[in-house]
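A short worksheet on the structure shown next.
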Amino acid sequence: MAARNETLPATAAQPDAPNTWRNLRRCYGYLRPYWKATLVAYLATLGMNALSVINPQLIRSAIDEGVGRNDISTLAWSVAALLILTLVKGVFTFLQGRWSEVASQNVAYDLRADIQRKLTLLSFSFHDQSEAGDLLSRAIQDVDRIRFLTGRATLRIAESVVLLIGTAAILFWMNPQLALLAIATTPLLAWRSLSFGRRIRPLSLAIQRQLGVLTTRLEQNLRGARVVKSFAQEPAEIERFDRENERWFEMSAQSARLTSVNGPLLNLIANIGTIFILWYGGRLVIEQQLSIGELVAFMTYMAQLVGPVRLLGQIIPAVAQAGAAAERIFDILDAAPDVHDAPDAVALPPVTGHVRFECVSFAYGRHQIFKDITFEAKPGQIIALLGRTGSGKTTIVNLVPRFFDPTSGRVTIDGYDIRSVTLASLRAQIGIVLQETTLFATTIRENIAFGRPGATDEDVIAAARAAQAHDFIMQTPQGYDTYVGERGVTLSGGQKQRIAIARALLTDPRILILDDATSSVDAETEQLIQRALERLMVGRTTFVIAHRLSTVRMANLILVLDKGRIVARGTHEELLKTSDLYADIYHRQLKPRDHASP
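First residue of the sequence shown: 88, per this note's numbering; consecutive thereafter.
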């Protein structure tokens with residue numbers, strides 16, 4: 088393998104320390120509901136530390152009183168006491184690990200639930216600008232870093248601080264001069280640990296962000312596997328993934344290099360202190376100013392004193408990584424949805440489906456999609472939207488269920504400004520078949536009943552029959568209990584489309600939105616679906632993005648869009664006479680497609 092340059096890319100973001108600590112405090116707030124488990128874990132930690140402080144004194148007693156004076160009973164008592172302390176410490180260790188893990192796992196559970204809830208509630212604009220792989224990385228790996236922080240990492244920090252203070256106090260009680268020599272290296276160890284933390288924190292954030300990029304690339308390759316193979320682009324995709332993987336490797340290698348230097352350096356500083364203690368303490372023993380038992384106890388305490396500082400050096404990278412993870416997590420949790428219920432929003436009562444667009448404009452960022460759109464859809468009417476690609480057809484129908492809010496103007500249903508009603512009550516009365524059909528990796532029955540989980544089997548079958556889906560469903564291995572692959576890949580485009588139509592129809596909506604609803608079916612299936620829709624559209628206001636002649640012929644009103652404006656409106660016959668653009672679309676697109684159908 089070729090050598091790799093272990094350098095941090097210049098584009099790596101430098102996290103703001105105050106924000107990092109603020110985010111970490113928010114993470115600890117998730118421990119509040121589990122304070123009992125947390126309290127047990129920390130009390131067990133105190134018990135462990137107390138035993139750690141007592142343990143060297145028993146060793147001193149065994150050496151000085153037992154071995155030094157040839158006193159078998161004292162030696163036996165000391166050994167028995169050490170054994171009991173070891174057993175008790177084992178119990179405390181179990182309680183510490185058990186309940187800290189319970190609390191931290193609950194924190195991870197709550198964080199993931201909050202992320203899922205927030206991602207579900209965020210508007211389309213957020214998801215349009217986000218990458219699925221990066222969001223998955225935050226919800227899984229970043230949350231796991233927070234779990235470790237709120238569990239074992241913080242517990243180890245508390246344990247180290249308490250043990251450090253307790254051990255230092257005992258050392259000064261035993262021999263102040265030797266204690267001063269023992270703690271002389273502690274400030275140097277602390278400085279080195281903090282310096283390492285400052286360097287590793289921005290690198291950890293860059294690594295986690297690059298991992299999100301890597302996950303996104305992998306997720307896109309899996310999602311687009313058929314397209315990749317269709318165009319024989321396997322080598323190109325492998326190369327793209329390798330570039331991102333190489334970038335992640337370089338940053339991870341730099342992190343490993345910093346860590347590999349920091350660990351031995353901390354050990355070197357600690358061992359230098361131990362060597363001086365052994366030299367000076369040995370002289371005191373020779374001069375009979377210190378007993379051998381006291382020196383052994385002192386060396387044991389010294390190991391306990393160095394251990395916490397060394398442990399802090401190991402934990403600081405985890406804290407730095409958790410700080411970066413917290414920043415990425417709270418970026419999601421703090422994101423405000425563009426579309427949300429107004430504070431005084433009311434539930435939309437059952438509607439007849441009278442929809443009005445009043446001087447509606449919409450811009451996506453700085454890009455103006457359409458401007459001053461005004462039209463009216465009366466209850467039971469079919470409104471067909473026609474226009475070239477990019478004319479704003481899909482965006483207009485997306486405003487009805489408030490997937491987006493208009494930049495100016497307003498949309499009303501039965502006189503209610505849709506921004507004044509709750510999203511749930513609004514969308515409950517709208518049935519949608521999107522251009523890109525999305526099915527879930529579950530049974531056909533559950534996919535159809537997605538909008539009405541409590542629907543009976545009879546209702547599901549009736550909706551499937553109406554969408555001309557029942558016959559092909561019954562030909563599948565388990566009928567309505569047949570599992571479809573992820574995103575419905577085991578079904579044809581026409582089959583997925585009909586299941587999506589059945590899903591929309593099952594909710595019995597007052598308003599239907601069909602975004603190219605029959606574009607993926609053959610001519611025979613389309614005719615069957617059109618006949619079913621003609622019956623089902625009765626009493627419902629229907630918006631159809633039209634791509635077929637049969638669709639525009641049945642429409643009560645056709646809106647012809649061009650460059651973000653309605654340039655013509657009317658019926659099929661009227662527009663053929665009055666609109667050159669409609670006539671052009673008719674002769675170039677609708678008529679040839681209609682004639683191509685057998």
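Note that the Cβ used here is the ideal one computed from N, Cα and C, for glycine as well.
{"Check": "Classify residue 525 as buried or exposed, calling it buried when 16 or more other Cβ atoms lie within 10 Å of its own Cβ.", "Outcome": "exposed"}
{"Check": "Is it true that the stretch 458 to 467 meets the stretch 417 to 437, where meeting means three or more beta-carbon pairs spaced less than 8 Å apart?", "Outcome": "no"}
{"Check": "Per DSSP, what kind of secondary structure is residue 651 in: helix, strand or coil?", "Outcome": "coil"}
{"Check": "Considering only residues of the same chain and omitting the five flanking positions on each side of residue 562, which have a CB-CB separation below 6 Å?", "Outcome": "none"}
{"Check": "Can the beta-carbon of residue 646 be found less than 8 Å from the beta-carbon of residue 468?", "Outcome": "no"}
{"Check": "Could you have a look at residue 467 and say whether DSSP puts it in helix, strand or coil?", "Outcome": "coil"}
{"Check": "Three-state secondary structure (DSSP) at residue 101?", "Outcome": "Since pLDDT at residue 101 reaches only 46, below the 50 mark, its modelled position is unreliable, and the value read off the structure follows with that caveat. Here residue 101 sits in coil by DSSP."}
{"Check": "Report back the beta-carbon spacing between residue 466 and residue 441 to the nearest angstrom; my notes put them in contact at under 8 Å.", "Outcome": "5 Å"}
{"Check": "What does residue 504 pair with, by DSSP beta-bridge criteria?", "Outcome": "499"}
{"Check": "Check each candidate in 402, 376 and 245 and name the one with the smallest Cα separation from residue 133.", "Outcome": "245"}
{"Check": "Spell out the partners DSSP gives residue 602 in its beta bridges.", "Outcome": "632"}
{"Check": "Compare the Cα-Cα distances from residue 307 to each of 538, 593 and 223 and report the closest residue.", "Outcome": "223"}
{"Check": "Which whole-angstrom value describes the C-beta separation of residue 295 and residue 411, a residue pair presumed to lie in contact below a C-beta threshold of 8 Å?", "Outcome": "5 Å"}
{"Check": "Check whether the Cβ atoms of residue 81 and residue 447 sit closer than 8 Å, and answer yes or no.", "Outcome": "The question about residue 81 has no answer, for the chain in this structure spans 88 to 685."}
{"Check": "Among 639, 648 and 652, which residue has its Cα nearest to the Cα of residue 660?", "Outcome": "639"}
{"Check": "Determine, using beta-carbon pairs with one atom in the stretch 282 to 293 and one in the stretch 337 to 351, whether at least three such pairs fall under 8 Å.", "Outcome": "yes"}
{"Check": "DSSP beta-bridge partners for residue 307?", "Outcome": "Per DSSP, none; premise fails for residue 307."}
{"Check": "Quick one: what's got a C-beta closer than 6 Å to residue 601's C-beta in the same chain, skipping five residues either side?", "Outcome": "520 and 631"}
{"Check": "Could you pull the DSSP bridge partners for residue 472 from this structure?", "Outcome": "632 and 646"}
{"Check": "Excluding the 5 residues preceding and the 5 following residue 304 in the sequence, name in chain order all residues of the same chain whose CB lies nearer than 6 Å to its CB.", "Outcome": "328 and 331"}
{"Check": "Could you pull out every residue in the same chain whose Cβ sits closer than 7 Å to the Cβ of residue 384, ignoring the five residues on either side in sequence?", "Outcome": "143, 144, 146 and 147"}
{"Check": "Could you name the residues that DSSP lists as bridge partners for residue 454?", "Outcome": "451"}
{"Check": "For the beta strand (DSSP E) containing residue 520, name the first residue and the last one.", "Outcome": "517 to 520"}
{"Check": "For residue 667 and residue 570, I'd like the C-alpha separation in whole angstroms.", "Outcome": "48 Å"}
{"Check": "Would you check if the distance between the CB atom of residue 236 and the CB atom of residue 405 is smaller than 8 Å?", "Outcome": "yes"}
{"Check": "Alpha carbon to alpha carbon, how far is residue 216 from residue 172? Give it in angstroms, no decimals.", "Outcome": "58 Å"}
{"Check": "Give me whichever residues DSSP pairs with residue 460 in a beta bridge.", "Outcome": "447"}
{"Check": "Assuming residue 694 and residue 475 make a contact with CB atoms under 8 Å, what is their CB distance in whole Å?", "Outcome": "Shown here, the chain extends from 88 to 685; a query on residue 694 therefore has no answer."}
{"Check": "At 3 residues or longer, what runs of the beta strand (DSSP E) sit wholly inside the stretch 516 to 596?", "Outcome": "517 to 520"}
{"Check": "Just tell me which of 150, 417, 238 and 391 has its CA closest to the CA of residue 190.", "Outcome": "238"}
{"Check": "Let me know the secondary structure DSSP gives residue 253 once reduced to three states.", "Outcome": "helix"}
{"Check": "Since residue 501 and residue 439 are thought to touch, with beta carbons under 8 Å apart, how far apart are those beta carbons, to the nearest angstrom?", "Outcome": "6 Å"}
{"Check": "I think residue 663 touches residue 655, with their Cβ atoms under 8 Å apart; what is that distance to the nearest whole Å?", "Outcome": "Not quite, the Cβ-Cβ distance comes to about 11 Å (not below 8 Å), so this is no contact."}
{"Check": "Which of the three DSSP states is assigned to residue 442 in this structure?", "Outcome": "strand"}
{"Check": "Leaving out the 5 sequence neighbours to the left and right, which residues in its chain are closer than 8 Å to residue 102 when beta-carbon positions are compared?", "Outcome": "Summary for residue 102: the model assigns pLDDT 49, below 50, so the residue's position carries little reliability; its value from the coordinates is reported in the next sentence. Cβ neighbours of residue 102 beyond the five flanking positions: 288, 289, 292, 410, 411 and 414."}
{"Check": "Is residue 179 buried or exposed, if buried means 16 or more other CB atoms sit within 10 Å of its CB?", "Outcome": "buried"}
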